[in-house]
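Those protein sequences? They're chains U and B, same order as listed. If you read the first sequence in full-length UniProt numbering, its first letter stands for residue 1, the second for the next number, and so on. If you read the second sequence in full-length UniProt numbering, its first letter stands for residue 1, the second for the next number, and so on. Quick reminder that beta carbons are idealized off the backbone N, C-alpha and C, glycines included.
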Amino acid sequence: MQQLLFALVTIIAGVIGCVAYFVASNWLLDRIFPSKGRAGAIASRNLRIANMVRPWLFLTPALIALTLYLVYPVIESVWLSLHGRDGQQFVGLNNYRWMIDDGEFRQSIFNNFLWLLIVPATATFLGLIIAALTDRLWWGNIARSLIFMPMAISFVGASVIWKFVYDYRPEGAQQIGILNAIVTFFGGAPEAWITLPFWNNIFLMVILIWIQTGFAMVILGAALRGVPEETIEAAVLDGASPLQIFFKIMVPQIWSTIAVVWTTITIVVLKVFDIVLAMTNGQWSTQVLANLMFDWMFRGGGDFGRGAAIAIVIMVLVVPIMIWNIRNAAKEMEGR
Amino acid sequence: MIAASRRSPLTFVVHLTVLALVLLWTLPTAGLLISSLRDKDQISVSGWWTALVASRENAVFRAPGAEAQVEENGRYVIRGNVFDGGTGTVSAFGDSVQTPTEFKAGETATLPTGATMSVAENGDFTISSPQPIPEGRGERIFYTRSVPPQFTLDNYREVLSAQGLGRSFINSLTVAIPSTIIPILIAAFAAYALAWMKFPGRALLIALVVGLLVVPLQMSLIPLLRFYNDIGSQFGVSPKGYLGIWLAHTGFGLPLAIYLLRNYMAGLPKEIIESARVDGASDFDIFVKIVLPLSFPALASFAIFQFLWTWNDLLVALVFLGSGNDQLVLTGRLVNLLGSRGSDWEILTAAAFVTIVVPLIVFFSLQRFLVRGLLAGSVKGG
Numbered sequence: 001m002q003q004l005l006f007a008l009v010t011i012i013a014g015v016i017g018c019v020a021y022f023v024a025s026n027w028l029l030d031r032i033f034p035s036k037g038r039a040g041a042i043a044s045r046n047l048r049i050a051n052m053v054r055p056w057l058f059l060t061p062a063l064i065a066l067t068l069y070l071v072y073p074v075i076e077s078v079w080l081s082l083h084g085r086d087g088q089q090f091v092g093l094n095n096y097r098w099m100i101d102d103g104e105f106r107q108s109i110f111n112n113f114l115w116l117l118i119v120p121a122t123a124t125f126l127g128l129i130i131a132a133l134t135d136r137l138w139w140g141n142i143a144r145s146l147i148f149m150p151m152a153i154s155f156v157g158a159s160v161i162w163k164f165v166y167d168y169r170p171e172g173a174q175q176i177g178i179l180n181a182i183v184t185f186f187g188g189a190p191e192a193w194i195t196l197p198f199w200n201n202i203f204l205m206v207i208l209i210w211i212q213t214g215f216a217m218v219i220l221g222a223a224l225r226g227v228p229e230e231t232i233e234a235a236v237l238d239g240a241s242p243l244q245i246f247f248k249i250m251v252p253q254i255w256s257t258i259a260v261v262w263t264t265i266t267i268v269v270l271k272v273f274d275i276v277l278a279m280t281n282g283q284w285s286t287q288v289l290a291n292l293m294f295d296w297m298f299r300g301g302g303d304f305g306r307g308a309a310i311a312i313v314i315m316v317l318v319v320p321i322m323i324w325n326i327r328n329a330a331k332e333m334e335g336r
Numbered sequence: 001m002i003a004a005s006r007r008s009p010l011t012f013v014v015h016l017t018v019l020a021l022v023l024l025w026t027l028p029t030a031g032l033l034i035s036s037l038r039d040k041d042q043i044s045v046s047g048w049w050t051a052l053v054a055s056r057e058n059a060v061f062r063a064p065g066a067e068a069q070v071e072e073n074g075r076y077v078i079r080g081n082v083f084d085g086g087t088g089t090v091s092a093f094g095d096s097v098q099t100p101t102e103f104k105a106g107e108t109a110t111l112p113t114g115a116t117m118s119v120a121e122n123g124d125f126t127i128s129s130p131q132p133i134p135e136g137r138g139e140r141i142f143y144t145r146s147v148p149p150q151f152t153l154d155n156y157r158e159v160l161s162a163q164g165l166g167r168s169f170i171n172s173l174t175v176a177i178p179s180t181i182i183p184i185l186i187a188a189f190a191a192y193a194l195a196w197m198k199f200p201g202r203a204l205l206i207a208l209v210v211g212l213l214v215v216p217l218q219m220s221l222i223p224l225l226r227f228y229n230d231i232g233s234q235f236g237v238s239p240k241g242y243l244g245i246w247l248a249h250t251g252f253g254l255p256l257a258i259y260l261l262r263n264y265m266a267g268l269p270k271e272i273i274e275s276a277r278v279d280g281a282s283d284f285d286i287f288v289k290i291v292l293p294l295s296f297p298a299l300a301s302f303a304i305f306q307f308l309w310t311w312n313d314l315l316v317a318l319v320f321l322g323s324g325n326d327q328l329v330l331t332g333r334l335v336n337l338l339g340s341r342g343s344d345w346e347i348l349t350a351a352a353f354v355t356i357v358v359p360l361i362v363f364f365s366l367q368r369f370l371v372r373g374l375l376a377g378s379v380k381g382g
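(1) In the structure shown, what three-state DSSP assignment does Lys-198(B) receive?
(2) Which residue spans inside the segment 238-291 of chain U form an unbroken alpha helix (DSSP H) run of at least 4?
(3) Residues bridged to Phe-151(B) by DSSP?
(4) Consult DSSP for Gly-94(B) and reduce its assignment to one of helix, strand or coil.
(5) Quick check on Gly-322(B): does DSSP put it in helix, strand or coil?
(6) With a threshold of 6 Å on Cβ separation, who are the neighbours of Ala-350(B) within its own chain once the five nearest residues in sequence on each side are excluded?
(7) At 4 residues or longer, and completely inside the segment 26-95 of chain U: list those alpha helix (DSSP H) runs for me, N to C.
(8) Within the continuous alpha helix (DSSP H) that includes Arg-106(U), where are the two ends?
(9) Considering just the uninterrupted stretch of the beta strand (DSSP E) at Gly-80(B), what are its terminal residues?
(10) From Arg-48(U) to Tyr-192(B), what does the alpha carbon distance come to, in whole angstroms?
(11) Looking at the C-beta of Arg-290(U), does it have a partner C-beta in chain B at a distance below 7 Å?
(12) In terms of residues, what are the limits of the alpha helix (DSSP H) holding Ala-109(B)?
(13) Could you check whether the segment 236-254 of chain B touches the segment 55-71 of chain U, counting it as contact only if at least three pairs of C-beta atoms, one from each stretch, sit closer than 8 Å?
(14) Measuring only between beta-carbons, confirm whether Ala-121(U) sits less than 7 Å from chain B.
(15) Please list, in chain order, the chain U residues whose beta carbon lies closer than 8 Å to that of Pro-239(B).
(16) So, do the segment 149-167 of chain U and the segment 350-360 of chain B have three or more beta carbon pairs nearer to each other than 8 Å?
(17) So, Ile-326(U) versus Gly-211(B), is the Cβ gap smaller than 7 Å?
(18) Starting from the C-beta of Ala-190(B), find all residues in its chain whose C-beta is less than 7 Å away, skip the five residues before and the five after it, and write them out in chain order.
(19) Grab the span of the alpha helix (DSSP H) containing Glu-71(B) for me, first residue to last.
(20) Can you give the Cα-Cα distance for Ile-141(B) and Val-175(B), rounded to whole angstroms?
(21) Hey, how far is the Cα of Leu-224(B) from the Cα of Gly-17(U)?
(22) Which of the three DSSP states, helix, strand or coil, is assigned to Tyr-168(U)?
(23) In angstroms, rounded to a whole number, what distance separates the CA positions of Ile-202(U) and Ala-121(U)?
(24) Chain B partners of Gln-175(U), CB-CB under 8 Å?
(25) Do Ser-108(U) and Val-288(U) have their C-beta atoms closer together than 7 Å?
(26) Helix, strand or coil: how does DSSP classify Lys-380(B) here?
(27) Compute the Euclidean distance between the alpha carbons of Phe-198(U) and Ala-278(U), then round it to the nearest angstrom.
(28) Residues in the segment 296-320 of chain U with C-beta within 7 Å of chain B's C-beta atoms, listed in sequence order?
(29) Hey, is Ala-3(B)'s beta-carbon within less than 7 Å of any beta-carbon in chain U?
(30) For chain U, check one thing: does any of its Cβ atoms lie closer than 7 Å to the Cβ of Ile-34(B)?
(31) Report yes or no: do the segment 168-179 of chain U and the segment 42-54 of chain B share at least 3 C-beta pairs separated by less than 8 Å?
(32) Does any C-beta atom of chain C lie closer than 7 Å to the C-beta of Leu-260(B)?
(33) Smallest Cα separation from Ala-207(B): which of Asn-328(U), Ile-310(U), Ser-285(U), Ala-50(U)?
(34) Helix, strand or coil, according to DSSP, for Thr-10(U) in the structure here?
(35) Ile-141(B) bridges to which residues according to DSSP?
(36) Name, please, each residue of chain B whose Cβ falls closer than 7 Å to the Cβ of Glu-104(U).
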């Protein structure tokens with residue numbers, strides 16, 4: 001309780017501090033460069049200066065936070081990745097050389113590519129199909145809401161949920177995991193799914209797909225609704241079947257949105273950490289980059305050089321998407 | 001859309017497919033919720049889908065030995081109850097491990113020693129012998145009992161107190177609420193500047209924000225951990241604390257906040273803002289009196305995102321708050337339980353539900369804003 005009180009006081013202090021900064025800095029600006037009640041030339045000069053300064057008053061807190069928490073760490077990480085475990089000794093590219101020879105790292109890269117290939121594609125595809133199917137159902141809203149729900153669940157919570165689904169009891173015992181119960185019901189032998197090499201990766205991916213499909217569905221559903229009625233009516237008149245209308249008329253018109261969904265999920269996949277940590281902690285060949293990086297941050301007292309080098313690899317994989325996003329945003333700005 | 005024509009036979013297939021998908025998406029969570037409410041002994045012997053029917057289990061009871069026998073009408077009898085204080089219904093019993101279900105409840109079995117044994121449905125048993133029962137260990141009675149479904153809140157009581165989830169719940173609240181409120185105010189001012197004020201470098205800053213949107217958190221962890229440690233040793237304070245994690249969440253949440261709010265504010269009608277300018281209102285007044293109130297939907301959307309994200313976060317909390325017993329947030333506590341109580345599903349299911357219940361309430365009550373925020377953040381242009 002004391003802790004919550006502390007939090008509450010901090011919130012109030014923080015909010016008042018923020019408001020005070022904005023109010024005071026703006027008031028000060030108007031005092032130093034007053035424009036009201038001054039002679040024409042001075043007034044317009046002061047107004048111009050005030051208008052030049054004011055945006056920066058608005059932006060300063062955000063810029064400080066962005067610089068400290070995101071821009072500076074990117075630069076610092078590059079620098080650290082060229083240094084030894086405590087960040088003191090310059091080791092050149094040794095960390096990267098170590099990486100290439102490290103079996104666990106290669107395993108992680110392989111798994112990450114597997115995740116990148118499967119998760120965004122499956123989640124986007126399922127989301128698109130569900131969005132289309134539920135669009136005209138009278139209970140479509142309820143269905144969408146339920147499929148969207150996992151979005152609110154933490155990766156760790158979802159991992160527990162699915163670990164229970166995959167639970168394994170030796171053959172002959174009563175299976176309490178629903179997957180093994182179904183398998184034994186149809187006469188199969190129960191499996192310890194998350195220790196099954198290679199396939200266990202897929203079982204972990206299912207969790208992320210389960211979470212992300214709702215996101216894809218919501219966005220793509222909105223995009224599908226934006227498809228002009230006339231194009232669909234024209235296709236109906238020409239005798240196109242519903243499937244043809246969907247795949248040949250509607251999907252091509254929402255390609256740009258599909259790409260946005262795809263890349264957004266790709267970013268999530270690159271950062272996937274909690275699921276692997278909670279399900280296997282990288283055992284049974286399920287290691288991924290983000291978990292490996294976390295591991296090296298604390299393993300044996302922490303090796304910041306190697307950890308930073310792995311972070312750089314993740315960053316490099318993100319960069320193409322970053323550039324693509326910035327270009328799109330720039331294009332949009334011109335359009336305004 | 002696919003089911004454009006209502007009467008087509010396809011409609012039926014669509015209904016069925018959607019139903020199957022919905023079940024696939026909800027059953028795992030339903031299983032968790034149901035299991036968390038079940039009796040802990042039942043969870044480990046039967047699947048949660050059998051929760052509403054009685055569960056069967058095989059058990060064994062060792063009857064008391066010769067000292068318990070009483071003489072009745074010339075026979076030597078031992079009586080008792082196989083449940084030994086428990087409850088249930090016996091459906092079958094047997095006298096050897098090979099044939100544990102040989103006899104139905106109420107039948108009488110003849111033992112190799114010549115004695116007879118019977119077990120009633122309520123668990124009362126009678127062993128009766130024409131000769132005195134010799135000294136030695138008592139007879140073993142194998143039986144199958146069915147236990148009626150039992151629901152209980154015991155698992156929740158256990159995790160909230162003994163497993164420390166109550167403490168973690170408060171920690172999670174302490175982390176999530178300030179981490180949601182602080183960035184909104186900072187981002188709103190910045191978003192207004194980027195949307196409605198003209199100054200050199202504006203396009204560059206917008207590009208920077210868009211670029212930072214996708215910077216992986218992993219990049220920031222090590223440099224910030226070092227930075228916090230330096231500050232900590234400089235001023236003699238602990239590098240791990242709430243202030244540090246609030247600011248970290250603020251920094252990580254800002255790009256999305258600025259991006260969402262800027263997009264929304266830029267879409268507000270130009271006339272309102274320009275007529276206010278003509279009337280001599282300063283940018284500060286316009287922002288506080290016009291733009292901020294009009295941007296409420298976008299503010300709400302971001303607040304929900306940020307709350308869900310900070311509540312569900314594991315990585316930032318582990319790095320900046322630490323993993324001590326008092327410091328763990330719900331997600332961290334759950335990961336610990338997975339390690340230490342990995343097969344105690346009564347603990348895990350209840351603990352997992354405690355961690356997801358707040359996000360679920362937020363989700364179902366404020367879904368409208370969440371969807372709107374997602375759309376504003378992702379569907380760009382046409």
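Reading from the atomic positions:
(1) Numbered from its first residue, the second sequence carries residue 198(B) at position 198. Lys-198(B) falls in the coil class under three-state DSSP.
(2) 255-270, 274-279
(3) Your numbering for residue 151(B) matches position 151 in the second sequence. DSSP output for Phe-151(B) lists Arg-38(B) as bridge partner(s).
(4) By 1-based counting over the second sequence, the position of residue 94(B) is 94. The answer is strand: DSSP assigns Gly-94(B) an E or B state.
(5) Position 322 of the second sequence, counted from the first residue, corresponds to residue 322(B). Coil.
(6) Here residue 350(B) refers to the residue found at position 350 when the second sequence is read from its first residue. Same-chain partners within the cutoff: Ser-36, Asn-155, Tyr-156, Val-159.
(7) 40-66, 72-80
(8) The sequence position of residue 106(U) within the first sequence is 106, counting from 1. Where Arg-106(U) is concerned, the enclosing alpha helix (DSSP H) stretches over 103-134.
(9) Working through the second sequence from its first residue, we reach residue 80(B) at position 80. Here the beta strand (DSSP E) through Gly-80(B) covers 75-81.
(10) Within the first sequence, numbered from 1, the residue matching residue 48(U) stands at position 48. Within the second sequence, numbered from 1, the residue matching residue 192(B) stands at position 192. Each residue's alpha carbon lies about 19 Å from the other.
(11) Looking up residue 290(U) in the first sequence gives position 290. The sequence shown places Ala at residue 290(U), rather than the Arg named in the question. Closer than 7 Å: yes.
(12) Within the second sequence, the letter at position 109 stands for residue 109(B). Taken as a continuous stretch (DSSP letters only), Ala-109(B) belongs to no alpha helix (DSSP H), being part of the beta strand (DSSP E) at 108-110.
(13) yes
(14) Here residue 121(U) refers to the residue found at position 121 of the first sequence. Closer than 7 Å: no.
(15) Within the second sequence, the letter at position 239 stands for residue 239(B). Here the premise fails: no neighbours, minimum Cβ distance about 13 Å.
(16) yes
(17) As a position in the first sequence, residue 326(U) is number 326, starting the count at 1. As a position in the second sequence, residue 211(B) is number 211, starting the count at 1. Yes, Cβ-Cβ distance for Ile-326(U) and Gly-211(B) is below 7 Å.
(18) Within the second sequence, the letter at position 190 stands for residue 190(B). Here the set comprises Ile-258.
(19) By 1-based counting over the second sequence, the position of residue 71(B) is 71. Where Glu-71(B) is concerned, there is no enclosing alpha helix (DSSP H), although the beta strand (DSSP E) it sits in stretches over 70-72.
(20) Along the second sequence, read from residue 1 onward, the residue named residue 141(B) stands at position 141. Along the second sequence, read from residue 1 onward, the residue named residue 175(B) stands at position 175. Ile-141(B) and Val-175(B): Cα-Cα distance of roughly 56 Å.
(21) If you number the second sequence from 1, residue 224(B) lands on position 224. If you number the first sequence from 1, residue 17(U) lands on position 17. Roughly 24 Å separates the two Cα atoms.
(22) The sequence position of residue 168(U) within the first sequence is 168, counting from 1. Coil, per DSSP.
(23) Taking the first sequence and counting its residues from 1, the one referred to as residue 202(U) is at position 202. Taking the first sequence and counting its residues from 1, the one referred to as residue 121(U) is at position 121. Looking at the two C-alpha atoms, the distance is approximately 13 Å.
(24) As a position in the first sequence, residue 175(U) is number 175, starting the count at 1. Ordered by position in chain B, the residues that pass the 8 Å Cβ test against Gln-175(U) are Gly-47.
(25) Counting from 1 along the first sequence, the entry for residue 108(U) is found at position 108. Counting from 1 along the first sequence, the entry for residue 288(U) is found at position 288. Yes, these two residues count as a Cβ contact at 7 Å.
(26) As a working mapping, residue 380(B) is identified with position 380 in the second sequence. Any reading at Lys-380(B) must be qualified, since the residue scores a pLDDT of 40, below 50, and its modelled position is unreliable; the value itself is stated next. DSSP places Lys-380(B) in coil when its eight states are reduced to three.
(27) Counted from its first residue, the first sequence places residue 198(U) at position 198. Counted from its first residue, the first sequence places residue 278(U) at position 278. If I take the Cα positions, the gap works out to 18 Å.
(28) Met-297, Phe-304, Gly-307, Ala-308, Ala-311, Ile-314, Met-315, Val-318
(29) Position 3 of the second sequence, counted from the start, is the residue given in the question as residue 3(B). For Ala-3(B), the predicted structure reports a pLDDT of 44, less than 50, and the residue's modelled location is therefore unreliable. A value from the coordinates is still provided. So yes, Ala-3(B) belongs to the interface.
(30) As a position in the second sequence, residue 34(B) is number 34, starting the count at 1. Cβ-Cβ to chain U under 7 Å: no for Ile-34(B).
(31) yes
(32) No chain C appears in this structure, whose protein chains are U and B.
(33) The residue labelled residue 207(B) in the question sits at position 207 within the second sequence. Of Asn-328(U), Ile-310(U), Ser-285(U), Ala-50(U), the residue nearest in Cα terms is Asn-328(U).
(34) Along the first sequence, one-based indexing puts residue 10(U) at 10. Correct three-state label for Thr-10(U): helix.
(35) On the second sequence, residue 141(B) is found 141 positions in, with the first residue counted as 1. The partner list for Ile-141(B) (beta bridge, DSSP) reads Phe-61(B).
(36) Position 104 of the first sequence holds residue 104(U). Result: empty, since nearest Cβ-Cβ is about 16 Å, beyond 7 Å.
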